[in-house]
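*Asks:* Each number in our numbering comes from the position in the sequence shown (counting from 1) with 2 added on.
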Amino acid sequence: MDFSPTSTAHRRLAHLARQRFVEGLCAGLPALDKTVHDFLTELMGQTATQRDMQLRRDAWMGHQAHRKTWVEHLGRAWRESLAPPPVTGRGTLNASKAFDGLELLGDDVLENKIIASRMALTLTEHVAAPFDAARQRTQHLEGRELAGTDILRPETLCLHLVEQWLEVGLQRDHLQMVIDPLQRELAALALAQYQALVKLYDEQGVVAQDDLRARVRRAAAGPNTGSPAEPPPASGPVGLASQALQQSRAALGRPTEFAPTRQAASAFMPPPPGMRGQPAMAGMGSPLVRARQRAQGVMVQLRRLLTQPTTGYDMVKAPPASAALAHALAAHRVSADSYYSDVATLVEDYSPQAVVRVASAVRERSVEFKKKASTASEKAIIEVVALMFQSILSEDRIPPSVRVWFARLQVPVLRVALAEPEFFSNLTHPARQLIDRMGACVLGFDASSINGSALEAEIRRIVQVIEQYPETGQRVFQLVHDEFEKFLAKFLTEKQGTSRIVSVAQQVEQRETLAIQYTIELRALLKDMPVRDEIREFLFKTWAEVLAMSAVRDGAQHASTAAFKRAAADLVWAAGAKPNRADRALVIQNLPALLQSLRQGLALIGVAGPEQDAQIKGITDTLADAFLSKTASIPQAHIDAMAKRLANLEDYIGDEALGDMPLSADNIEMLLGIDASSIHVIADNGAPVQDDMVAWAQQLPLGTWFTLDHNGASTQVQYAWHSQRKQLHLFATRDGGSYLIQLRRLGAYLQAGLLVAQEEESLTLRATRDALTKLDANPERLLG
3 MDFSPTSTAH RRLAHLARQR FVEGLCAGLP ALDKTVHDFL TELMGQTATQ RDMQLRRDAW
63 MGHQAHRKTW VEHLGRAWRE SLAPPPVTGR GTLNASKAFD GLELLGDDVL ENKIIASRMA
123 LTLTEHVAAP FDAARQRTQH LEGRELAGTD ILRPETLCLH LVEQWLEVGL QRDHLQMVID
183 PLQRELAALA LAQYQALVKL YDEQGVVAQD DLRARVRRAA AGPNTGSPAE PPPASGPVGL
243 ASQALQQSRA ALGRPTEFAP TRQAASAFMP PPPGMRGQPA MAGMGSPLVR ARQRAQGVMV
303 QLRRLLTQPT TGYDMVKAPP ASAALAHALA AHRVSADSYY SDVATLVEDY SPQAVVRVAS
363 AVRERSVEFK KKASTASEKA IIEVVALMFQ SILSEDRIPP SVRVWFARLQ VPVLRVALAE
423 PEFFSNLTHP ARQLIDRMGA CVLGFDASSI NGSALEAEIR RIVQVIEQYP ETGQRVFQLV
483 HDEFEKFLAK FLTEKQGTSR IVSVAQQVEQ RETLAIQYTI ELRALLKDMP VRDEIREFLF
543 KTWAEVLAMS AVRDGAQHAS TAAFKRAAAD LVWAAGAKPN RADRALVIQN LPALLQSLRQ
603 GLALIGVAGP EQDAQIKGIT DTLADAFLSK TASIPQAHID AMAKRLANLE DYIGDEALGD
663 MPLSADNIEM LLGIDASSIH VIADNGAPVQ DDMVAWAQQL PLGTWFTLDH NGASTQVQYA
723 WHSQRKQLHL FATRDGGSYL IQLRRLGAYL QAGLLVAQEE ESLTLRATRD ALTKLDANPE
783 RLLG
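(1) Find the nearest neighbour of Tyr741 within the set Ala323, Leu756, Gly578 and Val719, judged by alpha-carbon distance.
(2) Which class does Asp711 belong to by DSSP, given the choice of helix, strand or coil?
(3) What does a CB cutoff of less than 8 Å around Asp623 pick up in its chain, not counting 5 residues either side in sequence?
(4) On the criterion of 16 or more Cβ atoms from any shown chain inside 10 Å, does Ala626 qualify as buried, or is it exposed?
(5) On the premise that Leu429 lies in contact with Ala297, defined as a C-beta separation below 8 Å, what is that separation, rounded to the nearest angstrom?
(6) Pull up the distance between the alpha-carbon of Arg14 and that of Ala149, whole angstroms please.
(7) Would you kindly check if the distance between the Cβ of Leu445 and the Cβ of Phe493 is under 8 Å?
(8) Three or more C-beta pairs under 8 Å: does that hold for the segment 188-196 against the segment 122-131?
(9) Report yes if the CB atom of Ala639 is closer than 8 Å to the CB atom of Gly578, and no otherwise.
(10) Identify every run of the beta strand (DSSP E) within the segment 22-60, keeping only runs that are complete inside it and at least 3 residues long; order them along the chain.
(11) Can you tell me whether Ala269 is buried or exposed? The criterion is at least 16 other CB atoms within 10 Å of its CB, across all chains shown.
(12) Is Val683 helix, strand or coil by DSSP?
(13) Report yes if the C-beta distance between Ala409 and Phe391 is below 8 Å; otherwise report no.
(14) Can you list, in chain order, the residues of its chain whose CB lies under 8 Å from that of Ser716, leaving out five sequence neighbours each side?
(15) According to DSSP, what are the bridge partners of Phe733?
(16) Report buried or exposed for Ala561, applying the criterion of at least 16 other Cβ atoms within 10 angstroms of its Cβ.
(17) Assuming Arg768 contacts Ser393 under a Cβ cut-off of 8 Å, what Cβ separation, rounded to an integer in Å, is found between them?
(18) For the candidate residues Asp530, Thr495 and Val300, whose alpha-carbon lies nearest to that of Ala734?
(19) Quick one: complete beta strand (DSSP E) runs, 3+ long, within the segment 573-611?
(20) If distances are taken between C-alpha atoms only, which option among Thr706, Ile743, Asn114 and Val548 comes closest to Val696?
(21) How close, in whole Å, do the beta carbons of Val360 and Val406 come, if the pair is a contact with beta carbons under 8 Å?
(22) Taking 7 Å as the limit between beta carbons, can you name the residues of its chain near Gly475, skipping five residues before and five after?
(23) Would you kindly report the start and end of the unbroken alpha helix (DSSP H) that includes Ala375?
(24) Using a 10 Å radius around the Cβ and a threshold of 16 neighbouring Cβ atoms, would you call Gln303 buried or exposed?
(25) Expressed to the nearest angstrom, what Euclidean distance is found between the alpha-carbon atoms of Thr377 and Pro322?
(26) According to DSSP, is Ser716 part of a helix, a strand, or is it coil?
(27) Buried or exposed: Met121, going by 16 or more other Cβ atoms within 10 Å of its Cβ?
(28) Suppose the cutoff is 7 Å on Cβ atoms and the five residues either side in sequence are ignored; what does the same chain contact list for Tyr196 look like?
(29) Taking 8 Å as the cut-off, decide whether the C-beta atoms of Val413 and Leu331 are in contact.
(30) Helix or strand or just coil, what does DSSP make of Val696?
(31) Report the three-state DSSP secondary structure of Ala323 (helix, strand or coil).
(32) Can you give me the start and stop residues for the beta strand (DSSP E) that Leu759 sits inside?
(33) What does a CB cutoff of less than 6 Å around Leu416 pick up in its chain, not counting 5 residues either side in sequence?
(34) Going by alpha carbons, who is nearest to Phe479 out of Leu752, Trp723, Leu163 and Asp438?
(35) Note down the Cα distance separating Ile117 from Val164, rounded to an integer number of angstroms.
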């Protein structure tokens, strides 16, 4: 970089501009805090349930106690962010690279980033033009891109706000409660400061130039290094729907490094190389975070569609349904059973006519409900929910019988959507999660295999339970969702072959975990004892595995396990110096029994024949040397203490992380003596894998269908089970085969695209996008 006086002056001007920008923001903090205070005060005065009233009071009291500290800390954080970013010989470190080493983040940090990114979406829309002008001029002065953590970036402002909110003791739930008015006020404040910044640059004669070379560099570096390119705000349903479509298409229409999985946009869609239309923070973080941000982009646009002036929907507190609409919803519950019982007859014949009739009923119901609606917001909600269910019912990969049961959820979901604005902004709303989980599990079955199955019966039961409790809102959805997860854990592993593999795999993990924990404890016990290296190595590498195997097969307190623990203490004592004649006589007397215990332990872990003889010979040679040694002996008190601790070893061992385990088909076959020919074991092979890929592998949802490319063969598999510590993962094929994959290898397969989810996004998110598509083409239908 040129450090001439001119360039130094440019950098000083850019720094001065940032200082004024931050000072302007800090000056607006009291007004920002007052907005939160006024909103919470007004919220407390509104009538609600006892639980909601208590939550609002807690939020108000918490804000009263910490508001002053929050303002001070946030102002300090913004000012401290003025410190220049690290610079190398080639300029500022690339933001995405700077964060590569910070992928192992806790859940709280990830949640902070997710909330901040949502706020940044709204903020960016309001300040798009002046922010872009300020960014270009600043980059022109400094000759480089803004760092990913630059205070001028909206996402940095929002992240500091969220972090300081929690830092001072305020709760995340309360932040979610006030996020709408808070981000509106922040957007207004930031807009004024960006405009003032541009005015300052104009007064100093700083004009952004069309530097083609800089554009080429940005393009080569990837979209993540630039600023978000947001479309200008548009009014009316068509404009808002178009924004959602542009954003989602930009996110999904690019080649991806990893195959996506649609589960719950929940967050398992893989990251594309670049994501235009998203905040710059979206280019950082793990694939889980990026996927959540992309999914939230669609939800944010849907929420704006519903809150535009023509609909007037209140995202904070939805008014109760109008009397006529409430009566129509109640009347539908009475007539639903008789209608669907007629349709069910067709489903038993696997006729598509049943689904056609159900889809027609969904449309007709929405028309009737809209006639009863008395407000524009009610009509908009009815239309969006109807379009979502039309999309779900048009999914041919869902068996007809299941689609009929899904159709029965339209009215219960509509009730929730009318009463709970959260349904339109929260991807983890129980109603969405339930439909997504059930949909993900049935997509892999055809009609002949699903009809009459336990899975169909469980879906039928769940729908009937929801219909029986129409006034409970999301609580009944949450209840049956939890029940469905428990059902899945059993259903996916109930086949005899799969159940046996699960039992074996769980014991493999348990054994390896215990082996590591026993090794750690043995090292601690022998730390200050004069024990020969040969004996130490035998105890750490071999006998710890014997103890673990015995504990898994027979139990930690079984007589055989206790005998092996005692043998460890006896071996340590026997391997010590024996200057006393009585001790030498005792060693000679006990040696046959000790060697017999050692042979039994070695046989337990599959060490037999010449290999066993070699190990026993090495031990006897060591004992012979110790027998003649004149060095200090190990005090008997130490041996007794060691034996006592070994006898109750499980009370002392910690919950250490499981490392690499020797997983193989032979390993499994040896453990319980079963034929492992039907199990494809894919063990760790040391292939490099990113930490965020490992985290992704640990959060895959059970029941999801994947395409697995292993040894050149492509197979459809369903994620059926994971071990307690999520170190082993089982995927089942339709023909009864199984793939048992170790954690890091699973992450490597996801990273390499060898394990590809068959769905790119969750069922309800895709339905939301389809609804926006229809509204984009025909905006009049929203309120028609």
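In this text, a Cβ means the ideal position worked out from N, Cα and C, and glycines have one as well.
*Replies:* Inspection of the coordinates gives the following:
(1) Val719
(2) strand
(3) none
(4) exposed
(5) 6 Å
(6) 17 Å
(7) no
(8) yes
(9) no
(10) none
(11) Low per-residue confidence applies at Ala269: pLDDT is 36, beneath 50, and the placement is therefore not dependable, though the value from the model is reported in the following sentence. Label assigned to Ala269: buried.
(12) strand
(13) yes
(14) Thr709 and Leu710
(15) Tyr721 and Tyr741
(16) exposed
(17) 7 Å
(18) Thr495
(19) none
(20) Ile743
(21) 5 Å
(22) Val418, Ala421 and Glu422
(23) Where Ala375 is concerned, there is no enclosing alpha helix (DSSP H), given that its DSSP letter is neither H nor E.
(24) buried
(25) 11 Å
(26) strand
(27) buried
(28) Val129, Pro132, Phe133 and Ala136
(29) yes
(30) helix
(31) coil
(32) A small fix is needed here, since residue 759 is Ala in this sequence, not Leu. First-last of the beta strand (DSSP E) with Ala759: Leu757 to Ala759.
(33) Val387
(34) Asp438
(35) 7 Å
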